[in-house]
Amino acid sequence: MMLSFEAFQALLLATLSLLIAVPLIACWKLCRRTGRPGWLSLLVLVPVLNVVAIYWYVLSRPAKPDAYPGGIAGRHAARPEPAVRRRGAETA
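With full-length UniProt numbering, letter number 51 in the sequence shown gets 51, and the count goes up by one each step, no holes.
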């Protein structure tokens, strides 16, 4: 069974839309998390500018100093220190 040309076009359009939308949404969230305007993620759609934009996002510091709660380590930095056992202390 062969697809009709219209069905093939619809399938191709859906596939290409997903291939564009997924990185765009991820980049939008990255911009918002680092305190930059989300519209900067549209730079990912421009062929040569996308490489420059990604390097800029990765290598520059966040615009908000508290962009990463708990420091760069995130949730792992909030772990409590393990309790230190003292000599002669009774174990329960």
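Backbone N, C-alpha and C define an ideal beta-carbon position, used for all residues, glycine too.
Boundaries of the alpha helix (DSSP H) in which residue i is found, first to last residue
i	result
R33	5 to 33
W56	49 to 59
Euclidean distance between Cα positions of residue i and residue j
i	j	result
L18	M2	23 Å
I25	S60	20 Å
W56	T15	28 Å
C27	L11	25 Å
A53	W39	12 Å
V48	L13	23 Å
A73	V58	At A73 the pLDDT is 49, less than 50, meaning the model places this residue with poor confidence and gives no usable figure here.
L43	P23	11 Å
Looking at C-beta atoms only, is the number of pairs between the region 5 to 15 and the region 34 to 47 that lie closer than 8 Å three or more?
no
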